[in-house]
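Undergrad: Please find one structure pasted underneath; my questions will follow.
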Amino acid sequence: MSAREEVLAAVRAALVGVVPAPDPPRAPQVRPPRDVVAHFAERVADYRAVVERCARDELEARVAAALAPASTVVVPPGLDLAVAGAVEDAGLAARELEEFEAVVTRARVGIAETGTIVLDHGPGQGRRALTLVPDRHVCVVAAGQVVLDVADALAVLDPRRPQTWVSGPSATSDIELERVEGVHGPRTLHVIVVDDAQPLD
Amino acid sequence: MGGAGVTGTFVGMPTFPVAARRALGDAQLRHNLGQATATIRAKRQRLVEEVDAAVPTSAADPQGLGGWEALRRAGAAVKEAALRSLPEHLERLEAELVANGATVHWARDAAEACSVVAAVARAHGVREVVKVKSMVTQEIGLNEALEAEGVAAWETDLAELIVQLDEDLPSHILVPAIHRNRAEVREIFLRRMKEVGRAAPDGLGDEPAALAAAARSHLREKFLSARMAVSGANFAVAETGTLVVVESEGNGRMCLTLPEVLVSVVGIEKVVPTWEQLDPMLRLLPRSSTGERMNPYTSTWSGTAAGDGPGEVHVVLLDNGRTRALADEVGRQALRCIRCSACLNVCPVYERTGGHAYGSVYPGPIGAILNPLLNGVGHDDQVDSLPYASTLCGACFEVCPVRIDIPSVLVDQRAQVVDAHRGRRRSGEAVVMRLAAATLADEGRLGFAERFTGVGLRAARRGAGWPGLRRWTGARDLPRPPRESFRAWWRRTGGGTR
Chain F
256 MSAREEVLAA VRAALVGVVP APDPPRAPQV RPPRDVVAHF AERVADYRAV VERCARDELE
316 ARVAAALAPA STVVVPPGLD LAVAGAVEDA GLAARELEEF EAVVTRARVG IAETGTIVLD
376 HGPGQGRRAL TLVPDRHVCV VAAGQVVLDV ADALAVLDPR RPQTWVSGPS ATSDIELERV
436 EGVHGPRTLH VIVVDDAQPL D
Chain L
87 MGGAGVTGTF VGMPTFPVAA RRALGDAQLR HNLGQATATI RAKRQRLVEE VDAAVPTSAA
147 DPQGLGGWEA LRRAGAAVKE AALRSLPEHL ERLEAELVAN GATVHWARDA AEACSVVAAV
207 ARAHGVREVV KVKSMVTQEI GLNEALEAEG VAAWETDLAE LIVQLDEDLP SHILVPAIHR
267 NRAEVREIFL RRMKEVGRAA PDGLGDEPAA LAAAARSHLR EKFLSARMAV SGANFAVAET
327 GTLVVVESEG NGRMCLTLPE VLVSVVGIEK VVPTWEQLDP MLRLLPRSST GERMNPYTST
387 WSGTAAGDGP GEVHVVLLDN GRTRALADEV GRQALRCIRC SACLNVCPVY ERTGGHAYGS
447 VYPGPIGAIL NPLLNGVGHD DQVDSLPYAS TLCGACFEVC PVRIDIPSVL VDQRAQVVDA
507 HRGRRRSGEA VVMRLAAATL ADEGRLGFAE RFTGVGLRAA RRGAGWPGLR RWTGARDLPR
567 PPRESFRAWW RRTGGGTR
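Right, here's the structure in full:
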């Protein structure tokens, strides 16, 4: 017998006489706060990320200010935002990405309860490596993209697309349990929430 | 590490009582573990209370369980449903993975899984692979197996890197180097990094931030040059063929994204039936594990994606004793485990003896049941000693995010150990238990025996214990003998009335 057949046969043998379990109950959902976008901003800030809110017409200036310390910036195709001096990614090698200090992207969804931004690496978000190698990640989230909790995010996300869920900057507590921000991912996460209703499609 | 038996119990480890006695004498270990477990316990507790407060009592929680209890019941139900219909979910997972462009392999045991990974490395001619922290690859002893094939496997999690550079053993599921202090880590980095890659900078200090920066620069070189990565998975979604890795540092993202080839070793119990059912799991795991609302990075991928990440994706579905555990009616629930380590942090035995005493990559209460369940009992004294590494206080069950009733499984495993040893030379314990049963069953015999209890205890306390009973008395202090028995006291005082 092949390993496949043998493992599956052993699983079936182990479950002889075991009845399937009923469908699991839906997990309990949290009470919506009065202002879900403000809740999102607070929870992102709890991770020692930088968070700010702005109006649509302020966005480009805010992004430029967030990038101020960085001189080399890369952006994904489809960002739909003018970033002065930025290079658009066209399949840069990882070692080339290493030369950039910062990256600007959009996100697919924001989760208020956990302070999470989710990238599904569609237009304006770039492939996965783009938001990983540079040391500063400026992420633009539209207020209309913010949902309450994990279940609401799962409902709008397409599992067939690769995803990266980001909750604050890279961190470790491996040495004496002392928290250090920034090991391998971006050491600075800067989230800008744009107060316009860009609906989730 | 690894090698002995089907799962990685550390080679040559003594039984738990022996190893525990040694660990109790290690002041550094006890101090670090005490501090670490207390800190994580408190962080977790705050979030449990936050969930309780955030879930409305009436609508979402009709039974009035509290938000956290309702959440962990939902999580337990998801994993239980997956396990009870495992064959169909595994076949679905395989079909979806293949449809998404992944190659699926099956492995009966550790050796088979290791040889699949080694074959992929050989096919691509790679001499180095980078690894995401993964319990299952430790369980199967993958690093050693690859080394034997001339392939170097680099751990990229900071704590795993410390352990690997020092050729040490991990002591905690979540923070494997918790037994090392900052000065020791600095010394390890200065001594070892230059031998295996980019050296630690001159004048390296012992601040955790400086040490993390040294690891960042040492490993960045490996991430950028590695052509192949190896990972585990926290969850495998059957209906969509999606693997999920939950991490903090970004080393996982590096491994899952930059190399051309990715091999993920996934225990068959990692299955979650549907994408939506990740809801309770992704809310329970970080809160229970690191005491965070969400871990910094969660990566999901379904096979290959055009122009993004590895072009070649392999998944190894591993049994290695899991079907043995699945067949155990009481122990089956241990396969719900999501490796959060909350049970370690509340265990009074773990807190005092640490992760090495369990002699396995799975320490603590969950290790005390998982190792015997995966390996079977009756053929290794070290494994057989683990179900006894507990006071049965029940704290582990209370915190388990998937409600594994660890105390009940411990008791059942003890019974299985005793049964497995029946038929061998009758142990002193068994003889005494039979004598005790006969004595307690008859009032006359009990009264007769009581007259000698004090004498016997006094004699035993002076000596080194009774011959033939040292395995019992060696781990237990004998009580001070009472002046008179309860029955004698009752007769003398009329039940305390005179």
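Keeping their order, the protein sequence lines are chains F and L.
Heads up: the first sequence is residues 256 to 456, going by the numbering used here.
Heads up: the second sequence is residues 87 to 584, going by the numbering used here.
Ideal placement from N, C-alpha and C gives every residue a C-beta, glycine not left out.
Small disclaimer: the values here were computed from a predicted structure and weren't measured.
Which value, in whole angstroms, describes the spacing of the CA atoms of F:P283 and F:G340?
TA: Indexing the first sequence from 1 puts residue 283 of chain F at position 28. Indexing the first sequence from 1 puts residue 340 of chain F at position 85. Their Cα atoms are separated by approximately 47 Å.
Undergrad: Counting only C-beta atoms, is F:V421 closer than 8 Å to chain L at any point?
TA: Residue 421 of chain F sits at position 166 when you count from the first residue of the first sequence. At least one chain L Cβ lies under 8 Å of F:V421.
Undergrad: Assign F:V273 to one of three DSSP states: helix, strand, or coil.
TA: Residue numbering aside, residue 273 of chain F sits at position 18 when the first sequence is read from its first letter. In the structure shown, F:V273 sits in coil (DSSP, three-state: anything other than H, G, I, E or B).
Undergrad: Under 8 Å, Cβ to Cβ, is there at least one residue of chain L near F:A345?
TA: Counting from 1 along the first sequence, the entry for residue 345 of chain F is found at position 90. Not closer than 8 Å to any Cβ of chain L, the Cβ of F:A345 fails to qualify, so no.
Undergrad: Can you find a C-beta in chain L that's less than 8 Å from the C-beta of F:T327?
TA: Translated into positions along the first sequence, residue 327 of chain F becomes position 72. Cβ-Cβ to chain L under 8 Å: no for F:T327.
Undergrad: By how many angstroms is the C-alpha of F:H439 removed from the C-alpha of F:E297?
TA: For the purposes of this step, residue 297 of chain F is identified with residue 42 of the first sequence, where counting begins at 1. For the purposes of this step, residue 439 of chain F is identified with residue 184 of the first sequence, where counting begins at 1. The alpha-carbon atoms of F:E297 and F:H439 are separated by roughly 25 Å.
Undergrad: Does the region 335-351 of chain L come close enough to the region 383-396 of chain L that 3 or more CB-CB pairs lie under 8 Å?
TA: Counting Cβ pairs under 8 Å, three or more are found: they touch.
Undergrad: Taking only the alpha-carbon atoms, compute the straight-line gap between L:R108 and L:A196 and give it to the nearest angstrom.
TA: To locate residue 108 of chain L, count along the second sequence from 1; it is residue 22. To locate residue 196 of chain L, count along the second sequence from 1; it is residue 110. Rounded to whole angstroms, L:R108 to L:A196 spans 30 Å at the Cα level.
Undergrad: Quick one: Cα of L:T93 to Cα of F:G333, how far?
TA: For the purposes of this step, residue 93 of chain L is taken as the residue at position 7 of the second sequence. For the purposes of this step, residue 333 of chain F is taken as the residue at position 78 of the first sequence. Low confidence applies to L:T93: its pLDDT is 48, below 50, so where it sits in the model is not reliable, and the reading given next is rough at best. So the alpha carbons of these two residues sit roughly 49 Å apart.
Undergrad: Within the same chain, show all residues whose beta-carbon is closer than 8 Å to that of F:V318, passing over the 5 residues directly before and after it, in chain order.
TA: Looking up residue 318 of chain F in the first sequence gives position 63. Cβ within range, chain order: L336, V338, V359, V393, V395, I447.
Undergrad: Does the CB of F:L409 have a neighbour CB from chain L at under 8 Å?
TA: On the first sequence, residue 409 of chain F is found 154 positions in, with the first residue counted as 1. Cβ-Cβ to chain L under 8 Å: yes for F:L409.
Undergrad: Does any residue of chain F have a CB that is nearer than 8 Å to the CB of L:G395?
TA: On the second sequence, position 309 is the one that residue 395 of chain L refers to. Yes - at least one Cβ of chain F is within 8 Å of the one on L:G395.
Undergrad: For L:E484, does the count of other Cβ atoms within 10 angstroms reach 16, so buried, or fall short, so exposed?
TA: Here residue 484 of chain L is taken as the residue at index 398 of the second sequence, counted from 1. Answer is exposed; the Cβ neighbour count stays below 16.
Undergrad: For F:G365, list the residues DSSP reports as bridge partners.
TA: Numbered from 1 along the first sequence, position 110 holds the residue referred to as residue 365 of chain F. Answer by DSSP bridge pairing, in chain order: F:I372, F:V401.
Undergrad: Verify the CB distance criterion: does L:R278 have a CB-CB separation below 8 Å to chain F?
TA: Along the second sequence, one-based indexing puts residue 278 of chain L at 192. No, L:R278 does not count as interfacial toward chain F.
Undergrad: What is the DSSP secondary structure of L:Y448, counted as helix, strand or coil?
TA: For the purposes of this step, residue 448 of chain L is identified with residue 362 of the second sequence, where counting begins at 1. Note: L:Y448 maps to coil in three-state DSSP.
Undergrad: What residues in its chain sit with their C-beta under 8 Å from that of L:L232, if we drop five residues either side in the sequence?
TA: Within the second sequence, numbered from 1, the residue matching residue 232 of chain L stands at position 146. Excluding residues within five positions, the ones whose Cβ falls inside 8 Å are C200, V203, A204, A207, V215, A238, A239.
Undergrad: Quick check on DSSP: helix, strand or coil for L:M99?
TA: Here residue 99 of chain L refers to the residue found at position 13 when the second sequence is read from its first residue. Reduced to three states, the DSSP call for L:M99 is coil.
Undergrad: Does the beta-carbon distance from L:R158 to L:L370 come in below 8 Å?
TA: To locate residue 158 of chain L, count along the second sequence from 1; it is residue 72. To locate residue 370 of chain L, count along the second sequence from 1; it is residue 284. Yes.
Undergrad: Please check if any C-beta of chain F sits within less than 8 Å of the C-beta of L:R194.
TA: Locating residue 194 of chain L in the second sequence gives position 108, where the first residue counts as 1. With 8 Å as the cut-off, L:R194 counts as an interface residue toward chain F.
Undergrad: Would DSSP call L:L344 helix, strand or coil?
TA: As a working mapping, residue 344 of chain L is identified with position 258 in the second sequence. Three-state result, L:L344: coil.
Undergrad: Do we get a CB-CB distance below 8 Å when we pair L:R379 with the residues of chain F?
TA: Along the second sequence, one-based indexing puts residue 379 of chain L at 293. Taking Cβ atoms only, chain F reaches closer than 8 Å to L:R379, which makes this a yes.
Undergrad: Measure from the alpha carbon of L:G291 to the alpha carbon of each residue in L:V282, L:A301, L:R284, L:A163, then state which is nearest.
TA: On the second sequence, position 205 is the one that residue 291 of chain L refers to. Closest option to L:G291, Cα to Cα, is L:A301.
Undergrad: Tell me whether L:W575 is buried or exposed, calling it buried when 16 or more other Cβ atoms sit within 10 Å of its Cβ.
TA: Here the question's residue 575 of chain L lines up with position 489 in the second sequence. Its Cβ having fewer than 16 others within 10 Å, L:W575 is exposed.
Undergrad: Return helix, strand or coil for F:E436, following the three-state DSSP convention.
TA: On the first sequence, residue 436 of chain F is found 181 positions in, with the first residue counted as 1. Strand, per DSSP.
Undergrad: Return the chain-ordered list of same chain residues with a C-beta closer than 8 Å to the C-beta of L:Q250, the five sequence neighbours on each side being excluded.
TA: Here residue 250 of chain L refers to the residue found at position 164 of the second sequence. Around L:Q250: N229, W240, E241.
Undergrad: Helix, strand or coil: which one does DSSP assign to L:W576?
TA: Here the question's residue 576 of chain L lines up with position 490 in the second sequence. The answer is helix: DSSP assigns L:W576 an H, G or I state.
Undergrad: State the start and end residues of the unbroken beta strand (DSSP E) segment that holds L:W240.
TA: By one-based count along the second sequence, residue 240 of chain L stands at place 154. 238-241 is the span of the beta strand (DSSP E), which, as asked, contains L:W240.
Undergrad: Below 8 Å between beta carbons is the criterion; list the residues of the region 204-226 of chain L that meet it against any residue of chain F, in chain order.
TA: Here the close residues number zero.
Undergrad: Assuming the contact rule is C-beta atoms closer than 8 Å, F:V328 and F:L322 should be a hit. Round their C-beta distance to whole Å, please.
TA: For this step, residue 328 of chain F is matched to residue 73 along the first sequence. For this step, residue 322 of chain F is matched to residue 67 along the first sequence. With 8 Å as the limit, F:V328 and F:L322 qualify as a contact, their Cβ atoms being about 6 Å apart.
Undergrad: Exposed or buried, L:D498, counting other C-beta atoms within 10 Å across all chains shown (16 or more means buried)?
TA: As a first step, residue 498 of chain L must be located in the second sequence, where it is residue number 412. The residue in question, L:D498, is buried, as its Cβ has 16 or more Cβ neighbours within 10 Å.
Undergrad: Please list the residues of the region 301-334 of chain L that have a C-beta atom closer than 8 Å to any C-beta atom in chain F, keeping them in chain order.
TA: Hits within the stretch, in order: A301, R302, L305, R306, F309, L310, V323, T326, T328, S334.
Undergrad: For the putative contact between L:C426 and L:S375, defined by C-beta atoms under 8 Å, what is the C-beta separation to the nearest angstrom?
TA: Your numbering for residue 426 of chain L matches position 340 in the second sequence. Your numbering for residue 375 of chain L matches position 289 in the second sequence. About 4 Å separates the two Cβ atoms, so the contact holds.
Undergrad: In the DSSP output, which residue or residues are listed as bridge partners for L:W154?
TA: Here residue 154 of chain L refers to the residue found at position 68 when the second sequence is read from its first residue. Answer is none; L:W154 lacks a bridge partner.
Undergrad: Please report the residue range of the beta strand (DSSP E) in which L:Y383 lies.
TA: In the second sequence, counting from the first residue as 1, residue 383 of chain L sits at position 297. 383-387 is the span of the beta strand (DSSP E), which, as asked, contains L:Y383.
Undergrad: Pull up the distance between the alpha-carbon of L:V222 and that of F:A345, whole angstroms please.
TA: Looking up residue 222 of chain L in the second sequence gives position 136. Looking up residue 345 of chain F in the first sequence gives position 90. When rounded, the distance between both Cα atoms is 37 Å.
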